[in-house]
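Protein chains in written order, with the working numbering: chain S, 1 to 217; chain X, 1001 to 1500.
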């Protein structure tokens, strides 16, 4: 799978290159600044891009801006954004076009290589990978929402994992449930939040995220 | 208009009363000062100065209340109360005193004598009964004089009397303003005094800022020392142990390595929290507007944010504003029991203004909470102010304004010049030459040289009225010139800087 990587710290970039190569990815470009990243994204058309938010030359949100620009030019271009901190604001901007194929994770998640690589694959396949911290913030700021209050604790757990972008199978494995039990909880959640049920995992996740973002718009 | 004139006349009379009161104050004050320097009765001096200051302050308040001319007190701050030394005695100028009485008196004496404002006050006290009195007396005198002329029943004199009365009435509100300007001439702080006060204020706010910064650095140092640093040491030790076990017990080594990874993740979380407290990353990446939007998203309340800013403020200003908004939002959620908050960021000229309104139960008191005090201290370093309006029952409105925070002049928010002021200025300036030169000065010259050009009004009227008319014309011309100047100068209102 062809990957473009953007990270300005040499050690971390090198580590990511090794990690991804070890899991069978092909690194077509490993760049260290915003303009280089945009050129690589539009020139190489990778199957997935792994991008640090803060990049030279301005050390502001160069990486995020390059990713958003590239996604405007190439709708659905899969991008996994990494950062030292997660913000609901950035998550919203990444999800705004509603096409999926986005991820937004804390850099710490790289430490757990198995889950990280899983997230890269999910994004490449058009799914989403949201950091648990983002989801926690989303839920916290929805704390007073009435429909969310009606969820059972179990349904809430399922909702959190679903919002992170995990499939029913992955959720079942995580919570030691059967897949049919997860499906039952999912149906319960969608009924309580008054959302249209969809069989497609990715679209279901986007609907949940849009719901969580939308209640505060 | 009529009521304005009447009020003006009444005020003129009151100012006349003030002049008399000034005269009554001046008599004992001058006597006391003469005694204190002539006979060495210096203990009388502070009382004399306090009497003068009291009267001067009344005049300042009258000027503010009646004309809006703000005259801030020019005095240097009072010295602190003398404190006893370790031995229980008061030390002053190389002497020891049993009680604070003498040191306090000496301290006050030198504070008063060295302050130029004291002597300017005295000068004003002596001059005001004459100058201020004349200014205040003019309109009532004109009205009274006009009334006397009218009572003479001579047609020409009656006309002149009516004119004089009308002029006196019209002049009355202006006389009050001119009186206020005269008051501010001697009673307002001089440029030098203002600068001295400014320096004093800056020194204090710089010390506050330095203190706050030092405390912050100490906190960061402690956090790093107890947190990340300690964790790194532990991680290094665990790694060493894992290295040793690698050969003999690979399973245990692996467990240790997992522990190290966990510890590194924990220190990352800790460092992230620390960084957020020092300088929120979003502020660095996106600036104030988006950082406040992110705050709104993270808040459990419903927060609406409106941002109308072009240009970015300096990083320290942005940071202080961010933390202030953060604190206000936290307060609204914690104490105010609010549901809905609006945050508004905008620029006013070069100033940055933030308004936070919540629908909580109000009753916030800046003197109670340390959070609000902290905001004020942080903002003070940039001359920023926090205004809090929080009646019990809500809503609470907090407004932050930081002057000169934003780059560029922007559009200066000039108050519109009222049309009547423009008209007055134009009419005065375009017509003042007419009475001043042909009808006034030229006629005077013609009259002195004995010419017979009768189309000048001053030469046209019967002999005894000629000089009064000529002088009246010159006065009218000068008056128009002066009025135009006065209106033009004051069209933007008084006070260029906010009072502290």
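Quick reminder that beta carbons are idealized off the backbone N, C-alpha and C, glycines included.
_Spatial distance of residue 84 of chain S from residue 1204 of chain X (CA atoms)_ = Locating residue 84 of chain S in the first chain gives position 84, where the first residue counts as 1. Locating residue 1204 of chain X in the second chain gives position 204, where the first residue counts as 1. Here the C-alpha atom of residue 84 of chain S lies approximately 38 Å from the C-alpha atom of residue 1204 of chain X.
*Quick one: does residue 1286 of chain X have its CB under 8 Å from some CB of chain S?*
For the purposes of this step, residue 1286 of chain X is identified with residue 286 of the second chain, where counting begins at 1. Yes - at least one Cβ of chain S is within 8 Å of the one on residue 1286 of chain X.
*Would you mind working out which of X:1319, X:1325, X:1067, X:1064 sits nearest residue 1305 of chain X, comparing C-alpha positions?*
What you label residue 1305 of chain X is simply residue 305 of the second chain in a count that begins at 1. Taking only the C-alpha atoms, the option nearest residue 1305 of chain X is X:1325.
*Straight-line gap, residue 1397 of chain X to residue 1346 of chain X (C-alpha atoms, nearest Å)*: Here residue 1397 of chain X is taken as the residue at index 397 of the second chain, counted from 1. Here residue 1346 of chain X is taken as the residue at index 346 of the second chain, counted from 1. C-alpha of residue 1397 of chain X to C-alpha of residue 1346 of chain X: approximately 15 Å in a straight line.
*Pick helix, strand or coil for residue 1389 of chain X, following the three-state DSSP scheme.*
Counting from 1 along the second chain, the entry for residue 1389 of chain X is found at position 389. In the structure shown, residue 1389 of chain X sits in a strand (DSSP, three-state: E or B).
*Determine, using beta-carbon pairs with one atom in the stretch 1076-1086 of chain X and one in the stretch 202-215 of chain S, whether at least three such pairs fall under 8 Å.*
no
_Where the alpha helix (DSSP H) containing residue 1370 of chain X begins and where it ends_ = For this step, residue 1370 of chain X is matched to residue 370 along the second chain. Where residue 1370 of chain X is concerned, the enclosing alpha helix (DSSP H) stretches over 1370-1380.
*Would you call residue 144 of chain S buried or exposed, if buried means 16 or more other Cβ atoms sit within 10 Å of its Cβ?*
Numbered from 1 along the first chain, position 144 holds the residue referred to as residue 144 of chain S. By the neighbour-count rule (16 or more Cβ atoms within 10 Å), residue 144 of chain S is not buried but exposed.
*For residue 1290 of chain X and chain S, any beta-carbon pair shorter than 8 Å?*
The sequence position of residue 1290 of chain X within the second chain is 290, counting from 1. Cβ-Cβ to chain S under 8 Å: yes for residue 1290 of chain X.
*Buried or exposed: residue 1123 of chain X, going by 16 or more other Cβ atoms within 10 Å of its Cβ?*
Stepping through the second chain from its first residue, residue 1123 of chain X is reached at position 123. Classification for residue 1123 of chain X: exposed.
_Residue(s) in a DSSP beta bridge with residue 1346 of chain X_ = Position 346 of the second chain, counting from 1, holds the residue named residue 1346 of chain X. Paired residues: X:1308, X:1353.
*Cβ of residue 1112 of chain X within 8 Å of Cβ of residue 1049 of chain X?*
Along the second chain, one-based indexing puts residue 1112 of chain X at 112. Along the second chain, one-based indexing puts residue 1049 of chain X at 49. Contact flag set, yes.
*asked:* Rounding to the nearest angstrom, what Cα-Cα distance links residue 1089 of chain X and residue 1099 of chain X in this structure?
replied: For the purposes of this step, residue 1089 of chain X is identified with residue 89 of the second chain, where counting begins at 1. For the purposes of this step, residue 1099 of chain X is identified with residue 99 of the second chain, where counting begins at 1. When rounded, the distance between both Cα atoms is 7 Å.
*Starting from residue 1397 of chain X, follow the beta strand (DSSP E) in both directions and report where the run begins and ends.*
Indexing the second chain from 1 puts residue 1397 of chain X at position 397. For residue 1397 of chain X, the enclosing beta strand (DSSP E) has its first and last residue at 1396-1402.
*If we call anything under 8 Å between Cβ atoms a contact, is residue 48 of chain S one with residue 124 of chain S?*
The count along the first chain starts at 1 and reaches residue 48 of chain S at position 48. The count along the first chain starts at 1 and reaches residue 124 of chain S at position 124. Here residue 48 of chain S is near residue 124 of chain S, since their CB atoms are less than 8 Å apart.
*Identify whether residue 1493 of chain X lies in helix, strand or coil by the three-state DSSP scheme.*
Within the second chain, the letter at position 493 stands for residue 1493 of chain X. Note on residue 1493 of chain X: pLDDT 42, under 50, position unreliable in the model; no value is reported.
*Can the beta-carbon of residue 1009 of chain X be found less than 8 Å from the beta-carbon of residue 1103 of chain X?*
The residue labelled residue 1009 of chain X in the question sits at position 9 within the second chain. The residue labelled residue 1103 of chain X in the question sits at position 103 within the second chain. For residue 1009 of chain X and residue 1103 of chain X, no; Cβs fall outside 8 Å.
*Could you spell out the range, first to last residue, of the alpha helix (DSSP H) harbouring residue 1216 of chain X?*
Within the second chain, numbered from 1, the residue matching residue 1216 of chain X stands at position 216. It spans 1191-1224 - the alpha helix (DSSP H) in which residue 1216 of chain X sits, taken as one unbroken run.
*Within the 8 Å Cβ cut-off, does residue 1358 of chain X reach chain S?*
Your numbering for residue 1358 of chain X matches position 358 in the second chain. It does not: the Cβ of residue 1358 of chain X has no partner Cβ on chain S nearer than 8 Å.
_Reference residue 1192 of chain X; option with closest CA among X:1375, X:1420, X:1074, X:1134_ = By one-based count along the second chain, residue 1192 of chain X stands at place 192. Minimum Cα distance to residue 1192 of chain X is reached at X:1074.
*Short CB-CB distance (under 8 Å) between residue 1344 of chain X and chain S*: Taking the first residue of the second chain as position 1, residue 1344 of chain X is located at position 344. Using a Cβ-Cβ cut-off of 8 Å, residue 1344 of chain X does not count as an interface residue toward chain S, since no Cβ of chain S sits closer than that to its own.
*Should residue 1129 of chain X go down as buried or exposed, given a rule of 16 or more other Cβ atoms within 10 Å for buried?*
Mapped onto the second chain, residue 1129 of chain X falls at position 129. Buried: at least 16 other Cβ atoms inside 10 Å.
*Closer than 9 Å at the beta carbon, the chain B residues around residue 22 of chain S*: As a matter of chain content, chain B is missing from the structure shown, whose protein chains are S and X.
*Extent of the continuous beta strand (DSSP E) to which residue 128 of chain S belongs*: Stepping through the first chain from its first residue, residue 128 of chain S is reached at position 128. Element bounds for residue 128 of chain S: 128-130.
*Three-state secondary structure (DSSP) at residue 158 of chain S?*
Taking the first chain and counting its residues from 1, the one referred to as residue 158 of chain S is at position 158. Residue 158 of chain S falls in the helix class under three-state DSSP.
_For a test of the three-state rule: what should DSSP assign to residue 1177 of chain X, helix, strand or coil?_
Within the second chain, numbered from 1, the residue matching residue 1177 of chain X stands at position 177. Residue 1177 of chain X falls in the helix class under three-state DSSP.
*Looking at the unbroken alpha helix (DSSP H) that takes in residue 179 of chain S, where does it start and where does it end?*
On the first chain, residue 179 of chain S is found 179 positions in, with the first residue counted as 1. 179-192 is the extent of the alpha helix (DSSP H) around residue 179 of chain S.
*Taking 7 Å as the cut-off, does the CB of residue 1012 of chain X come closer than this to any heavy atom belonging to the ligand MG?*
Questions concerning the ligand MG fall outside what the structure shown contains, since it holds no ligand whatsoever.
*What residues from the stretch 1295-1328 of chain X come within 8 Å of chain S, judged by C-beta to C-beta, listed N to C?*
1297, 1298, 1299, 1300, 1302
*Taking the CB atoms as reference points, tell me whether residue 63 of chain S and residue 101 of chain S lie closer together than 8 Å.*
Looking up residue 63 of chain S in the first chain gives position 63. Looking up residue 101 of chain S in the first chain gives position 101. No, Cβ-Cβ distance for residue 63 of chain S and residue 101 of chain S is not below 8 Å.
*Among X:1126, X:1005, X:1476, X:1017, which one has its Cα closest to the Cα of residue 1031 of chain X?*
As a position in the second chain, residue 1031 of chain X is number 31, starting the count at 1. That would be X:1126, whose Cα lies nearest to the Cα of residue 1031 of chain X.
_For residue 83 of chain S: DSSP bridge partner residues_ = Within the first chain, residue 83 of chain S is the residue found at index 83, counting from 1. Beta-bridge pairing links residue 83 of chain S to S:106.
*Quick one: is residue 1319 of chain X buried, meaning 16 or more other Cβ sit within 10 Å of its Cβ, or exposed?*
Mapped onto the second chain, residue 1319 of chain X falls at position 319. Flag for residue 1319 of chain X reads buried.
*Based on Cα-Cα distance, which residue from X:1170, X:1157, X:1441 lies nearest to residue 1003 of chain X?*
By one-based count along the second chain, residue 1003 of chain X stands at place 3. Measuring C-alpha to C-alpha distances from residue 1003 of chain X to each of X:1170, X:1157, X:1441 identifies X:1170 as the nearest.
*Pick from X:1400, X:1237, X:1381: whose alpha carbon is nearest that of residue 1211 of chain X?*
Locating residue 1211 of chain X in the second chain gives position 211, where the first residue counts as 1. Taking only the C-alpha atoms, the option nearest residue 1211 of chain X is X:1381.
*Could you spell out the range, first to last residue, of the alpha helix (DSSP H) harbouring residue 118 of chain S?*
Against the first chain, residue 118 of chain S aligns to sequence position 118. 113-124 is the extent of the alpha helix (DSSP H) around residue 118 of chain S.
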